[in-house]
DNA sequence: GCTGGGATCGCCT
DNA sequence: GGCGATCCCAGCG
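Residue numbers (the working numbering): 55 to 256.
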């Protein structure tokens, strides 16, 4: 199954399936890559979803076809990156919340201003900074270079089995009880391991 | 045309 | 664990 085909699956399947896959960004400064260890799904009809009310200039990317990056600014100073899912016309996406640093760690350290491995990509704003993602990348394809999601098979050394934990999402007020957050059990790179756990599988 | 709130982070205690 | 930084835009008028 191609990456684009995978990203065309229902949003919660994409959110869970992205765990263990890799996010790769090639820039003039070098390549950075990380294993996705934490995601959140934002669905149609979900009050926490940016596309809940209607299509606007800010959330327009979410209404486009799947396989593109939705980058937005939060709290005036941080950025978050999502993978757009759902068919064109439907505003759904998966927020990437944490990565395990895999490639280009010195570059991540320089961008983040810290050498501590556990602080490089733990949290949506941090991973955006570590990967060199910026708001100009809103609407960019996330299935081909220089910015792409790649299957775990691309990094066999880091392709280890894991169990998935399902919890409620972080930092939202609307839809706070919905079980749409997923992470790799036991990973030290997950942003908030302790949270209301609603399920576990895989 | 104004106002308030938000899918966060880092520094302080 | 608490709080300040700081900006885009939706909602209302």
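For each residue, glycine too, the CB sits at the ideal point set by N, CA and C.
Tell me the DSSP bridge mates of residue i?
i, result
"residue 176", "152"
"residue 198", "201"
"residue 260", "The structure shown does not extend to residue 260, since the chain spans only 55 to 256, so no value can be given for it."
"residue 122", "195"
"residue 68", "The partner list for residue 68 (beta bridge, DSSP) is empty, contrary to what the question assumes."
Kindly indicate which three-state DSSP category residue i falls into: helix, strand or coil?
i, result
"residue 171", "helix"
"residue 89", "strand"
"residue 117", "helix"
"residue 190", "helix"
"residue 104", "coil"
"residue 147", "strand"
"residue 166", "helix"
In chain order, what residues of the same chain lie with their CB nearer than 8 Å to the CB of residue i, ignoring the 5 residues before and after it?
i, result
"residue 71", "60, 63"
"residue 189", "125, 126, 127, 133"
"residue 80", "199, 200, 201"
"residue 58", "120, 121, 197"
For residue i, count the other beta carbons within 10 Å of its own beta carbon; 16 or more makes it buried, fewer makes it exposed. Which is it?
i, result
"residue 128", "exposed"
"residue 112", "exposed"
"residue 146", "buried"
"residue 140", "buried"
Could you check whether the Cβ of residue i sits closer than 7 Å to any heavy atom belonging to the ligand GDP?
i, result
"residue 244", "The ligand GDP is not part of this structure, which contains no ligands at all."
Under 6 Å Cβ to Cβ from residue i, same chain only, skipping five residues before and after it: list those, please.
i, result
"residue 223", "94, 234, 235"
"residue 229", "100, 101, 102"
Do the stretch 151 to 171 and the stretch 182 to 197 meet, that is, are 3 or more Cβ pairs less than 8 Å apart?
yes
The stretch 75 to 95 contacting the stretch 233 to 248, beta-carbon criterion three pairs below 8 Å:
yes
At least three beta-carbon pairs within less than 8 Å, the stretch 74 to 83 to the stretch 195 to 202:
yes
With a threshold of 8 Å, are at least 3 pairs of Cβ atoms found where one atom belongs to the stretch 165 to 177 and the other to the stretch 95 to 113?
no
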